[in-house]
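Here the structure is laid out as structure tokens; the discussion comes afterwards.
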Amino acid sequence: MAKMILWLSVIWLPFLMVYMNINETKAKKNIILGVTLPQEGREDPDVLKEVESFKKNEWLSVAVLTVLAAILWFFTDEHAYMTPWMLWIVLCIVVPYVPYVLSNNRLKKLKAEKGWIQEKHVVRVDTAVLPPENWFSPWLFAAPVLVCLVPVLFDKPMAVMYVISAVICATLWFGYRYLYRNKAEMVDSNAELTAVLTRVRRYNWGKMWLLTSWFMAAFCLVAWISGRNALIGIILGIAVTVLLCWLAFRLEMRMRHVQEKLTEQSGTDWYVDDDDHWLGGLLYYNPDDSRLIINNRVGLNSTVNMARPAGKFFIGLFLLMILGLPLLGGFLDGGIAKEITLAVEDDRIVCTSGMGSYKIDLDDIQEMKVLEELPTNLRRSFGTGTETLLQGRFACDEYGSMEVNLDPRQGPYLLITTEGKTYLFGTRDGSAVNEVYDMYH
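Right, here's the structure in full:
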């Protein structure tokens, strides 16, 4: 079941990536596939030929990734599915951009051959016509913070998770307010067009951060409901996630559509052309720009200036995180598959799995008993939760918060109570549980 849920949660990813990339074949702010072109270039036969070739290559990447996902689905077992799953995610992030970068480079060469490169010169814009700062009120972000904290009153064992979510909501307001780079969305010398594009982007930028904040609040409510009814919680969790993805996608595409419509008549005279600063149409590198965070040319997102030391650091860190996903998958697979041991060693009970180890002095134990079945409504607040291993901090109706280290498929289980803490241990064959219980008594 866990493997199926994981694959169903990401199988749509290449379709979304390719759809977003193909959308960039429509001219927005005079840009097609990351290359700035004049009006005549948008209908040029060579440009159209490259665009069609790009589309075919993008859909070919979808086909390859989908077939690969099917192969990995059928040829992985319950102990080794995280590594191929994370490797496939890396490929979904990388593969669709290979045709993009190749087409971007070919269009830049074609642009030079056609003589479409703009000469650099200064154009002054009356900043008085630009929209004034009009930020969303912080109280709009305070509401989801309070919603995140409401379940704390009714679900004390999961309080840490709710508080962390509330802190994240507050951080989202900080990101909205201070990560936006106040650069006008200049396309050409038309100051009114610059003002409209800038106003639209600022407004939708705020909506995206606010939407994410309310998603965190909804996630907390779903987690609280899951503690009372797991099935309803799963259904609501899927519904909330789908809704967030749809709203975020819709917001991004509407922003692109507005940029397309507002600039469809641009590109006949002078227009902004900073292609030289965009590597492959994706990465920004401009030593003359002192800013670290800048707006992407199309849509809502932001990126970093790789010419700045901090920009190199963030891009390098991002690449390490992406490329490290398969290694993380291998670590998780190895930890989940490793045997769970339970024994009495040197006047202590020791329970060890591939994901954690617990040691309890015998003198600290107040009560110990054997459970033939898992407690009802056992839910994770921190740690590992798969079909073959539960490890970390969990909570349940009967005993509240507890530290867990066991295979949920195999009972019995050893429940240990100390002053202020409860533990639940088990092994993959169940034999050691009664042995440890008998040795203690």
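For what it's worth, our numbering labels the leading residue of the sequence shown as 3, then goes sequentially.
Using N, Cα and C, we set each Cβ at its ideal position, and we do this for glycine too.
For residue i, does the count of other Cβ atoms within 10 angstroms reach 16, so buried, or fall short, so exposed?
| i | result |
| --- | --- |
| R411 | exposed |
| E26 | buried |
| L174 | buried |
| F217 | buried |
| L329 | exposed |
| P140 | exposed |
| S383 | buried |
| P47 | exposed |
| G117 | exposed |
| C171 | buried |
| W272 | exposed |
| Y178 | buried |
| T68 | exposed |
| C94 | buried |
| A219 | buried |
| L302 | buried |
| N231 | exposed |
| V406 | buried |
| G422 | exposed |
| K31 | buried |
| N297 | buried |
So the candidates are the options; which of them puts its Cα closest to the Cα of residue i?
| i | options | result |
| --- | --- | --- |
| P327 | V96, E42, F143 | Here residue 327 is Leu; the residue named in the question, Pro, does not match the sequence. Answer by Cα proximity: V96. |
| G385 | Y205, A397, I240 | A397 |
| D278 | W90, R350, A114 | A114 |
| L245 | F221, M22, R201, T305 | F221 |
| T354 | G332, E375, L391, L325 | L391 |
| D349 | I367, G336, G402, G332 | I367 |
| I91 | Q41, L10, L364 | L10 |
| L109 | N288, K209, K51 | K51 |
| T388 | G332, D409, M88 | D409 |
| E266 | N23, I13, A29 | A29 |
| Y102 | G283, V147, S268, A219 | G283 |
| S403 | W14, V12, M160 | M160 |
| K58 | G422, S105, W272 | S105 |
| G428 | D363, S359, Y401, G422 | S359 |
| V300 | V12, L8, L35, I7 | L35 |
| V147 | M88, F156, K158, L223 | L223 |
| P98 | N107, R395, T68, V20 | V20 |
| N436 | K371, Q393, E405 | K371 |
| L89 | Q393, D440, L325 | L325 |
| E375 | G432, L321, L319, G394 | G432 |
What do you reckon, are the CB atoms on residue i and residue j nearer than 8 Å?
| i | j | result |
| --- | --- | --- |
| K361 | V352 | yes |
| R430 | I342 | yes |
| V274 | V189 | yes |
| L380 | L417 | no |
| T305 | Y286 | yes |
| A309 | P289 | yes |
| A458 | D335 | Since the first residue of the chain shown is 3 and the last is 443, residue 458 is not available in this structure. |
| Y401 | T424 | yes |
| G332 | W87 | no |
| A241 | M163 | no |
| M441 | Q393 | no |
| I13 | E60 | no |
From residue i to residue j, what does the alpha carbon distance come to, in whole angstroms?
| i | j | result |
| --- | --- | --- |
| A65 | V198 | 40 Å |
| L112 | E54 | 15 Å |
| R204 | I33 | 20 Å |
| P414 | I227 | 28 Å |
| Q120 | H259 | 25 Å |
| F56 | M84 | 32 Å |
| L212 | I295 | 20 Å |
| E187 | T196 | 5 Å |
| A444 | G208 | Only positions 3 to 443 of the chain appear in the structure, and residue 444 is not among them; the question remains open. |
| P16 | A345 | 47 Å |
| T420 | L151 | 29 Å |
| D291 | L281 | 15 Å |
| E254 | S215 | 17 Å |
| L276 | I317 | Leu is not the amino acid found at residue 276; the sequence shown has Asp there. So the alpha carbons of these two residues sit roughly 20 Å apart. |
| M22 | F251 | 9 Å |
| P153 | D399 | 15 Å |
| F156 | V165 | 13 Å |
| V37 | W137 | 32 Å |
| A168 | F143 | 10 Å |
| I234 | E45 | 53 Å |
| L70 | L426 | 39 Å |
| L74 | L39 | 42 Å |
| R201 | L238 | 35 Å |
Going by the C-beta, is residue i closer than 7 Å to any heavy atom of the ligand SAM?
| i | result |
| --- | --- |
| L15 | Looking for the ligand SAM in the displayed structure turns up nothing, as the structure carries no ligands at all. |
Is the shortest distance between the beta-carbon of residue i and the beta-carbons of chain B less than 8 Å?
| i | result |
| --- | --- |
| F217 | No chain B is present in this structure, which holds just one protein chain. |
Any beta strand (DSSP E) of 3 or more consecutive residues that is wholly inside the segment 360-417: 367-373, 381-387, 392-398, 402-408
In the segment 299-335, which residue ranges form an unbroken beta strand (DSSP E) of at least 3 residues, counting only runs that do not cross its ends? 304-306
In chain order, what are the residue ranges of uninterrupted alpha helix (DSSP H) at least 4 long that sit wholly in the segment 17-44? 41-44
Which full runs of the alpha helix (DSSP H) of 4+ residues lie inside the segment 136-202, going along the chain? Within the segment 136-202, the runs of alpha helix (DSSP H) at least 4 residues long that lie entirely inside it are, in chain order, 140-151, 161-180.
Taking the runs of the alpha helix (DSSP H) that are 4 residues or longer, which of them lie wholly in the segment 220-261? none
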